[in-house]
Amino acid sequence: MADVRISNGVSFDAEDNQTGENFYDLDQRTDNEVRDSGLTKKIESLELEKLQLVRENAEVKERVEKLTAEVEELQNNNASMKEKLEGMEKEIEQSEEAKKALDAIAARAFELETEVSRLQHDLISTMSEGEEANIELVELKGILGDKGVRIENLEREVESLKKEKVESERKTRELERKVGVLEVREIEEKSKKVRIEEEMREKIAEKERELGGFRKKVQDLESVISEKRSELEKWTREKLDLKALLRESEEKLKLMELKVVGLQKEMEEAEKVITGLKEKAVDTISGSLNGIRESVISGEKKGLNLDWPVVVGATGAIAVAAAVTYVIYARRR
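Below is the structure:
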């Protein structure tokens, strides 16, 4: 039997969810070990039953040899065995019917064995797909976490740039106000000394240069903010795409888990049917053996002769039934 391990764990960012997942995986592995142990015990039981059938087959062969010798000794008294032969012929017909029933049971058991093998193959394939989906899910969650951290960093950086822009605009307005004051003073004091006028012009030029620098800085900051905003929108779209992929992977995983449960139920039902057929086959074989033994014992008590072909035919039916049972158990193994 195939040794199958099921790993249906799903990795989450939170530590509590991760711990719960580990416990779930441990429970799954424990269930698999218990199931494998039960299958091993069942195989051992079937092996013992097979050995017992082999021993019984050997005993039957030995008994057939003894009966053959007795039949050879009793062939000369055939006249008194006609009535007994008719009864034995009926038993042979019944044995033939039992043989046909055993053949039908063996064919059905073989079909069920084939179906169980197919279900086991489907189960292994489904679990492999589930493991691949789990790996893909873990990778997507890791990527999503990295994108989230990057987006948070960008948002903080944008907020910082916005604050710098506000501060620069405040300084610009203050400088513009100062320039306006200086220009008013220049107009009012135009008639004053040339030295004061030149000093004021130099101050105005200096402030204008400073104002130009601040304006350029504001423009640069606005350009950076625009770039960061575009990058933020890009990361946001990627985050949404990753979330969609994550949901799709989780839905796929749930469907696979449901499929695994369905396959396991089908396997259990098939095993129950096989067990019932095996028990029926054993009961049929036991009934045939008991009927032949009673006939032989009755013949020995009456001192009657046995017909060699009749006994051999009945014994052959038993041997065929034992061989069919052995083939079933060998295939099961």
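Following our numbering, the numbering of the sequence shown begins with 412 at its first residue and continues without gaps.
Positions of the beta carbon are idealized from the N, C-alpha and C atoms, including for glycine.
Taken in chain order, the whole alpha helix (DSSP H) runs of length 4 or more contained in the stretch 550-589 number zero.
Of the candidates S579, L565, V560, the residue whose Cα lies closest to the Cα of S637 is L565. A Cβ-Cβ separation of about 15 Å leaves M611 out of contact with E621 under the 8 Å criterion.
In this structure, DSSP gives K614 a helical state, which the three-state scheme calls helix.
By the neighbour-count criterion, in which 16 or more other beta carbons inside 10 Å mark a residue as buried, S660 falls on the buried side. Of the candidates E680, E642, L669, the residue whose Cα lies closest to the Cα of V569 is E642.
For E609, the three-state secondary structure derived from DSSP is helix. Between the C-alpha atoms of E608 and E599 there is a straight-line separation of about 11 Å.
About 30 Å separates the Cβ atoms of R581 and W646, ruling out a contact at the 8 Å cut-off. About 6 Å separates the beta carbon of L572 from that of L632, a gap short enough to meet the 8 Å contact definition. Here DSSP, grouped into helix, strand and coil, assigns K604 to coil.
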